[in-house]
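If you're matching positions, the sequence shown starts at 2 in the working numbering and goes up one per residue.
Okay, structure first, notes after.
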Amino acid sequence: MPQHLSTALRTCAALLFAAWLAAPASAQLDLPKRRTPAPAPAPAPATGQGEKSGDQEPAKAPVLVCTVCGAENPEATRDKPHPDGGFFAFCPQRTCQRERRHLVKVDLTGKRDDADGPGAVGGENSGRGSLAPHLVCTVCSARNYGADRSRPHETGGFTSWCSVCKRDRLQMVGDSSTRSGDGGLELPSTGRPANPAPATTEPLRPVAPGTGRVPAQQGQAEFIYQQISETRETTGSLVDQAVESLVNLGEEGAAVSRVALQSDDASRVVLAARVLLRIGTAEDSERIVDRLQRDIPVRAASIVLDELVEKDPVHATPMLLVDLLDHKLNPLRSTALKHIRRQVETMDSTEILTLLERALHSRRTQTRLNTVEILGSIDDPAVMPMLLESLTDSSARVTNKVITALATRPGREIELELLSRAFNDRWILRENAYALLALVEREDLLLQPILDETHVEVLLRGLETRDVFVHGACATALAGIGFRSPHPSRSEWLDGEVTSRLIDVITGREFHADFSALQPRALRRLRLITGEDFGTNGPEWVDWWLQNRATFYARRAWLRIPEEKVGSIEAHYRSSLGGQIGVFCLIGPDADAGAARERVGVGELVRLTHAECADLVALLDREQILTPDRLPGTRGSGIQVHTRSAELLVDGRGKRFTFAPDQSEPWFEKLSAAMNDLQHRNRWQRYPDLATYENERAFWEVESGWWSGDHTETERALRLKSLVLTSIRDLRPSQRGGAIAELQSIYELESAREPGDLLAFMDLLREEGFLAQRARDLVDLCLLAARSEREVLDAETATRIVDLLEARFDLDAIEEMSRVAGAAGPEFVNGLAADPRPILRAVAANELSKDPTPEDAALLMALLEDSDSGVEAAACLALGRGKVEAGRNELLIRARVGATRVRCAALRAIGMLGGEYVLEPLVLASADAEKDVRLAAAEGLAELADPESASLLVSMLGQGRESQVYAPARRGLTRMGDAARRELVRVMNSPRHRSHTEATLLLAYQCDPAAMEPLLSLLSDDAADDRLAFEAAVLSCVDFRKGEDVPALYAGWWEEVRHDDAIAWLYAAAERRELDTPGRDALTGKGTRAGALFLVGLLDRSEDFLAERARRELSRMVGKDLGRIPPGDEERAAWVEELRVGVEQHWDS
2 MPQHLSTALR TCAALLFAAW LAAPASAQLD LPKRRTPAPA PAPAPATGQG EKSGDQEPAK
62 APVLVCTVCG AENPEATRDK PHPDGGFFAF CPQRTCQRER RHLVKVDLTG KRDDADGPGA
122 VGGENSGRGS LAPHLVCTVC SARNYGADRS RPHETGGFTS WCSVCKRDRL QMVGDSSTRS
182 GDGGLELPST GRPANPAPAT TEPLRPVAPG TGRVPAQQGQ AEFIYQQISE TRETTGSLVD
242 QAVESLVNLG EEGAAVSRVA LQSDDASRVV LAARVLLRIG TAEDSERIVD RLQRDIPVRA
302 ASIVLDELVE KDPVHATPML LVDLLDHKLN PLRSTALKHI RRQVETMDST EILTLLERAL
362 HSRRTQTRLN TVEILGSIDD PAVMPMLLES LTDSSARVTN KVITALATRP GREIELELLS
422 RAFNDRWILR ENAYALLALV EREDLLLQPI LDETHVEVLL RGLETRDVFV HGACATALAG
482 IGFRSPHPSR SEWLDGEVTS RLIDVITGRE FHADFSALQP RALRRLRLIT GEDFGTNGPE
542 WVDWWLQNRA TFYARRAWLR IPEEKVGSIE AHYRSSLGGQ IGVFCLIGPD ADAGAARERV
602 GVGELVRLTH AECADLVALL DREQILTPDR LPGTRGSGIQ VHTRSAELLV DGRGKRFTFA
662 PDQSEPWFEK LSAAMNDLQH RNRWQRYPDL ATYENERAFW EVESGWWSGD HTETERALRL
722 KSLVLTSIRD LRPSQRGGAI AELQSIYELE SAREPGDLLA FMDLLREEGF LAQRARDLVD
782 LCLLAARSER EVLDAETATR IVDLLEARFD LDAIEEMSRV AGAAGPEFVN GLAADPRPIL
842 RAVAANELSK DPTPEDAALL MALLEDSDSG VEAAACLALG RGKVEAGRNE LLIRARVGAT
902 RVRCAALRAI GMLGGEYVLE PLVLASADAE KDVRLAAAEG LAELADPESA SLLVSMLGQG
962 RESQVYAPAR RGLTRMGDAA RRELVRVMNS PRHRSHTEAT LLLAYQCDPA AMEPLLSLLS
1022 DDAADDRLAF EAAVLSCVDF RKGEDVPALY AGWWEEVRHD DAIAWLYAAA ERRELDTPGR
1082 DALTGKGTRA GALFLVGLLD RSEDFLAERA RRELSRMVGK DLGRIPPGDE ERAAWVEELR
1142 VGVEQHWDS
């Protein structure tokens, strides 16, 4: 069933029972009232004793209804009164088949089958007139008397604007007929009456057991439970309404809820628990606790426990939560674990440890696993003995968790206890092996040695045992000892037997119950000593070992580099921070370049001189990087995507250090800086002169001598420029990006600019196939070279560059030619205006539009009469861009009639010009038959940004992202800002409008909190839409994109936050990351300096959604779009720093 149909039916059901549910005593609702019946005629005289009147019927026996299944039970008797009202009777329905509580049936008019007896409801208000025709909103229940009925809905009713919801809703026809006669109901009003009329009938009273009558409200309460049971819902607005209705019934609602709590229906149990936690007694909370501890429907378990913890923490005791860790239902165990995690820091440690000790001996593995996890988060000395006791658990999953918990706990006493347990027996057995693995884990996590050469003898004996787990644990421990040993000759076992045993563990040749605890630690040590990484692929490890066993030497933490081996050093650096991958390898003159090239892959290979190698080795010695004090490995927990790593190799042996983004140590920063500096200083090696030298090695041997000498910065820049200009000829244009960027870097030094470079730059420009960024960069270099000796570009040089651009790129190069003309001065520009070539006259018009003088304006007006349509179009654009009022009439005429090219230019121009009489021709042109004219009109409207055109631009959004008018329409609405909001909100609240999605996304882009709910609705319809998910993450500042059910996760978040404050969502995200936030007014309106700097700080965050939200907010505050965030780490850092300076200058001024 479609979602909207389901919603409509549920809402109608809610309205139905809400209409007759409320009791006369409720002051919150305009309750339905029974009309006062007309006076009955006087009874006819009796015809005789024992006779009956002819129009009388025999009285019906009251019908009882089962409170569990809701079925009528005509056979039920009333001989067993129920203490809470009603009667005990056997229910024959298949779902019951047992004694159940029954209540007297109440019909939909509010009258019991025996309504002629005591307790019948009466009232006044008879004879009220009929209501005017109207529609009733299926969401908010508001009456809409002026609602439009022109859009019938497929499920019945109409789609029409709701004045309360402020959006199109499904609306049903309201009952407007006059109701007369006994038992009629009036629809409830939409609001609370200001002064409720006093009741004219006696209020309902509980009926004593045994009288055969129960309060009407109990029948109403059971009806609510029946409706909820049919929907099978446990959460949502319908359930919330039912809770409020039952709470309003008071004790009667509680009485029925106590029975429903014992039901097997999840929806009944959840509803009953929520009601009893609102209006029940302490005994009711105990009933809920008892139900949780027994069988409870799976769908209800977690919800009921969450409600109990939130509403009644007194009864949600630590004992209950720990007991539920061993419940047979997994959802309930998980929920109990969640609440214990949240509360463990506030719980009394003695009490919780006593409770957890019992759970630690549960027969259920998952219970023990969860208990160990909780113990690991408790900071109490009593935890350690409990963890050590679990180190010998029968389940490898549990012991694996215990090992991790022990490895991360602070204190030297843990290490001493683990050493004692590992070596206190004559032989190493399973319990000793687990203590060894805990020590291994602690060494690897803390990067601190614990085991040493005094333990080698015992471990070597354990290596000979037949138990796979024991000898695998011993091999893992020995791998660490041998790796850290400064005496390779005393640990030859590391190169052979230990490595062989570790490979046996990885291959799983002999499977054992403790495999999952041993394998990851053995694999980590095997990677460490071999430098290879085949993962858990056993056959590949075996093949590698068979090929290399005879010549294999294990890597070691103590890396010795004798003086004669300094020239053989090989240093690899890898960085993937900021999404930009940087890989290079530094090698000494004696290193194996072939092997280094294979290891570095696509990275850059840089050769070092003997002096540079000696300086690098001296740094390694000073920072003790070659000693066991700097253990190799990864700093930072978890799987990291963006890391930095440095690897040092000599003769195949080496050390590798990897740092996560949030990790750093001074010695590593020094090493990183030194390696990057060596790469930068030797970047001249990227441009070898292979026409002169046989190969790169020969080129390096000659050039390295010069580069090793003392030279000024200018001398080095000129030498590098010469190498670049020589080598760039051997590259295809598509490969020249790096070399051109190097030339731009060189030209930042004014002393490196030479007029003689112009010819070389022009030759490179001539070879470019398209006017892309490389070509524009070459134009910049041409201008810098030509003006290196004078401020103004001479006319002859300007003509040569302009002619080259015109011949090579034609119309695509108008902007570039305009820049060249501007650099040559006004006289050159005026000369171009009279050039016989139309394209150069158009270039002159383009340049004249920049801050035009009266003379420039007159020249532009003259160009309007040019015989070439291209020149005329360029003049139109120039008049609009320069806002030349003298050209208004001419532009308005051309915007309505004329050649398409000129008309399009005039439409864009009047949009830039603005002012009177502009909007009408743009609106007319937006419906033109020619698509080029429609595009020009859209761009003109975007430039004009007139609020009166908002509805037209919004309709253009509905043509989709593929439409050519989409981008200008979105740009125009963005420029309007608050002026377009009303129209965007109207369309956003109209789901059937074709621009609904795009209007929602645009408001979300503008960080409007009103867009959040429609955005989540769209996301629920298409959870796979990455664009919707990204916008939801940016606006909410919460990223659920990697969740299993993204719409459900956002729906849960939406229920817990304010709906009208997007800044609060941003601040909440900052506070979750422990960031300092400025005052509330710092981001509102134009904001403050503190607010702007706070946003600049967020721009450097790794979370893309948070950085993008900061970019949008800062763009709003400064009044201009800041552009996209650069993808590269270095570019981004420079961009952020530039923004920081700009922000400070903006607020200082």
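All residues carry an ideal CB built from backbone N, CA and C; glycine is no exception.
- The C-beta of His328 has 16 or more other C-beta atoms within 10 Å across all chains shown, which makes the residue buried.
- Less than 8 Å divides the Cβ of Met957 from the Cβ of Ala939.
- For Glu605, the enclosing beta strand (DSSP E) stretches over residues 605-608.
- The stretch 498-515 makes contact with the stretch 464-478; the number of CB pairs closer than 8 Å reaches 3 or more.
- Assignment of Phe771 by DSSP, reduced to helix, strand and coil, places it in the coil class.
- Minimum Cα-Cα distance from Glu1104 among the listed residues Thr1078, Cys1038, Thr68, Pro1048 corresponds to Cys1038.
- Assignment of Gly220 by DSSP, reduced to helix, strand and coil, places it in the helix class.
- For Leu1123 and Asp1149, the gap between their C-alpha atoms comes out near 19 Å.
- Between the alpha carbons of Leu65 and Gly87 lies a gap of roughly 9 Å.
- DSSP lists Phe585, Ala647 as the bridge partner or partners of Tyr574.
- Not a single unbroken stretch of the beta strand (DSSP E) spanning 3 or more residues falls wholly within the stretch 915-969.
- Residue pairing by DSSP places Cys92 opposite Arg99 in a beta bridge.
- Taking the CA atoms as reference points, Arg443 sits about 28 Å from His573.
- The C-alpha of Thr531 is placed about 16 Å away from the C-alpha of Asp445.
- Between the alpha carbons of His712 and Thr610 lies a gap of roughly 17 Å.
- DSSP, reduced to helix, strand and coil, places Lys656 within a strand of the structure shown.
- Leu247 and Ala267 do not touch by the CB rule: their CB atoms are close to 17 Å apart, not below 8 Å.
- According to DSSP, Met173 shares a beta bridge with Val137.
- Excluding five sequence positions before and after Val618, the CB atoms of its chain that fall closer than 6 Å to its own CB belong to Ile562, Val567, given in chain order.
- If you look at Ser161, you'll find it in the beta strand (DSSP E) that goes 159-163.
- Judged by beta-carbon spacing, Val299 lies beyond the 8 Å limit of Leu326, meaning their Cβ atoms are not closer than that value.
- Secondary structure at Asn990: coil, using DSSP grouped into helix, strand and coil.
- Under the DSSP assignment, Leu1067 falls in the alpha helix (DSSP H) whose first and last residues are 1063-1073.
- DSSP links Pro82 through a beta bridge to Phe88.
- DSSP places Arg636 inside the beta strand (DSSP E), whose first and last residues are 634-636.
- Contact between Leu920 and Ser950 is confirmed by a C-beta separation of about 6 Å, below the 8 Å threshold.
- For Trp708, same chain residues with a beta-carbon under 7 Å away, outside a window of 5 residues either side, are Trp685 in chain order.
- Thr854 is classed as exposed because its beta carbon has fewer than 16 other beta carbons within 10 Å across all chains shown.
- Between Ala822 and the set Lys884, Glu807, Ala799, Ala843, the nearest pair of CA atoms involves Ala799.
- Boundaries for Leu452: no alpha helix (DSSP H) harbours it, and the DSSP string shows neither H nor E there.
- Apart from sequence neighbours up to five positions away, the residues of its chain that approach Pro75 with a beta-carbon distance below 7 Å are Val64, ordered along the chain.
- Close CB contacts of Gln680 within its chain, under the 8 Å cut and outside five residues either way in sequence, are with Tyr574, Phe585, Leu587, Glu605, Val607 (chain order).
- Going by C-alpha positions, Glu1132 is about 18 Å away from Arg775.
- With contacts defined by Cβ atoms closer than 8 Å, Asp534 and Arg525 do not form a contacting pair.
- Within the same chain, Cβ atoms closer than 7 Å to the Cβ of Val174 are found at Leu136, Gly158, the five residues on either side in sequence being excluded.
- Apart from the 5 residues on each side of it in sequence, Ser396 sits with its Cβ closer than 8 Å to the Cβ of Thr366, Arg369, Leu370 in its chain, given in chain order.
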